[in-house]
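In our numbering, the protein residues as written are 97 to 653.
In structure tokens, the structure reads:
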């Protein structure tokens, strides 16, 4: 039976994080803790969200509601709407009347940073506008629910803690799409907006070609709720490991131990036997996270996704996609594709494996700190780190093989393909989907290219297609090869120039385009109807190249 009332929803509450971990000893008991301050110890800070005024329903994820056993009508329930638009005054039964924000450290490509912290020491890094408000059991699984844009926390560094409708719509839709694509990800629950409160942010003027935002724009304030088994990040482990190494306070090493135990319980217990010695559990944790992380990044490249800002604090320790800020999907193929103007080449599309390795190094360093004095265990951890490049390469090789329908794709074949895609100005997703039809020559692929092919390129393509077909497994029905490729090469992808009108219309109260996209993204591997294909399965129009807010964008949200 589905959970149909708010009272039934409240009964699902089960706060393992609050029961297993320790609060900041300087925090308030009622969660009235909204001004920037240093947080020196503890795993979380109780904090009440700031409700948006006059919240209006925009959307909810029907697929996640079904998975959680929630009635769709619950999204329109007054108490449910108030709670997930920031009003925890409606909390009843076993629910807590406050949420919690967490601290974490920042590393960029394996380099520890503290200078962006307002206090210059890292004690101000953490959830500036994200706060969890609920943890519970649904259909036998544990889920945590976190507001994005719920107002300031002690980590907000002087900002307002709000999110604009634009970024909220993007994250809401992207999480649904990534889940449907089969890529591990946080999930979307609900999206509410206030037209009584606006948030002023830098953005791009109409028809802007500027790299940086060139105007200030007032946007409706919105609160989206994202859902995950936990929101523990690599940066959180890193924070407590830093404190343990520096002996920042007497309980620093104990807090590191607690957070690692909690990570295992929340994200890995089904794979890690609790009867094992703890040191063995830690080594297995390191191996499992490595496997998840390498598979995740290979999946990102499979579907054309670029995280844009893949720091350790944006890397979920559970091994799934988290924090859809400056993300994008590659259209015109470019290994250096980077949608975020502040991201730099080090977080570009094809550099994501290297960024993952840097994040894994911070994870390894944290576990190594925990295992200080246990040389044999540290040696096992060291070996897992040393083998990361090989594990990443293996995951990528499996991914390219699946995209090409081959048992094992030859490295030279893949390398030549990628070079041809660049030289031919190919659309990444369209090309691989059309390739799934198993063309013998280049003609059926012509609509995948942004520029006409030269005669030499046509010849190279025909030669490549011939070599590709020669590597098909012998004796296998080509129809099976095609079907397998269609299962990993989506028919529909995210195209920012089609998303922008959705959030622009939503700001005016029209959610029809957003609803259409949500429906379209629910089955991205299914061939769209001719009508939908004419609208969504086409090359990026010329006018959107170099367009601020579409081809590139800042992280202001």
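Where is the CB? At the ideal position from N, CA and C, for every residue including glycine.
A quick note: this is a predicted structure, and the numbers were derived from the prediction, not measured.
Residue 240: member of the beta strand (DSSP E) spanning 237-244, first to last residue. Partner residues in the beta bridge of residue 322, as assigned by DSSP, are 242, 284. For residue 195, the enclosing beta strand (DSSP E) stretches over residues 195-197.
Membership of residue 379 in the alpha helix (DSSP H) is indicated by the continuous run 374-399.
By the criterion of at least three beta-carbon pairs nearer than 8 Å, the stretch 509-523 is in contact with the stretch 540-551.
Across the set 399, 285, 118, the C-alpha of 399 shows the shortest separation from the C-alpha of residue 590. Ranked by Cα distance from residue 270, the first of 312, 330, 322 is 322.
Secondary structure of residue 141 (DSSP, three-state): strand.
As computed with DSSP, residue 152 is found in a beta bridge with 289. In this structure, residue 357 lies away from residue 459, with their beta-carbon atoms at least 9 Å apart. Taking residue 136 as reference, the option from 221, 622, 416 with the minimal CA-CA separation is 221.
If you check the CB distance, residue 180 and residue 280 do not come in under 9 Å. Apart from sequence neighbours up to five positions away, the residues of its chain that approach residue 128 with a beta-carbon distance below 7 Å are 144, ordered along the chain.
Sixteen is the threshold: when 16 or more other Cβ atoms of the shown chains lie within 10 Å of the Cβ of residue 277, as they do, the residue is buried. A contact between stretches requires three or more CB pairs, one per stretch, nearer than 8 Å, and the stretch 425-444 fails this requirement with the stretch 368-387. When DSSP assignments are scanned along the stretch 438-475, the uninterrupted stretches of alpha helix (DSSP H) that are 4 or more residues long and fall wholly within it turn out to be 448-466. By the Cβ neighbour-count rule, residue 241 is buried, with 16 or more other Cβ atoms within 10 Å of its own. Per DSSP, the continuous alpha helix (DSSP H) segment holding residue 498 begins and ends at 484-500. Per DSSP, reduced to three states, the secondary structure at residue 360 is helical. Residue environment analysis places residue 404 among the buried positions, since at least 16 neighbouring C-beta atoms fall within 10 angstroms of its C-beta.
Counting every other CB atom within 10 Å of its CB across the protein chains shown gives residue 402 a total of 16 or more, marking it as buried. Residue 224 counts as buried, since at least 16 other C-beta atoms from the protein chains shown sit within 10 angstroms of its C-beta. In the structure shown, residue 208 falls within a strand segment according to DSSP collapsed to helix, strand and coil. Boundaries around residue 337 are those of the alpha helix (DSSP H), 330-342, since no beta strand (DSSP E) includes it.
Here residue 97 is exposed. Its C-beta has fewer than 16 other C-beta atoms within 10 Å.
By the Cβ neighbour-count rule, residue 343 is exposed, with fewer than 16 other Cβ atoms within 10 Å of its own.
Restricting attention to 312, 171, 124, the CA atom closest to the CA of residue 141 is found in 124. For residue 229, no alpha helix (DSSP H) encloses it; the enclosing beta strand (DSSP E) starts and ends at 226-234.
Its Cα nearest to that of residue 576, the residue 503 stands out among 503, 509, 395, 290. Nearest C-alpha to residue 239 among 325, 585, 118: 325.
Residue 296 is bridged by DSSP to 314.
Taken through DSSP and simplified to helix, strand or coil, residue 181 comes out as coil. Put simply, of 542, 645, 435, 427 the residue whose alpha carbon is nearest the alpha carbon of residue 600 is 645. Beyond the five residues adjoining it in sequence on each side, residue 244 comes within less than 8 Å, by CB distance, of 225, 226, 259, 264, 267, 319, 320, 321, 322 in the same chain, given in chain order. In the DSSP assignment, residue 564 falls within the unbroken alpha helix (DSSP H) covering 551-566.
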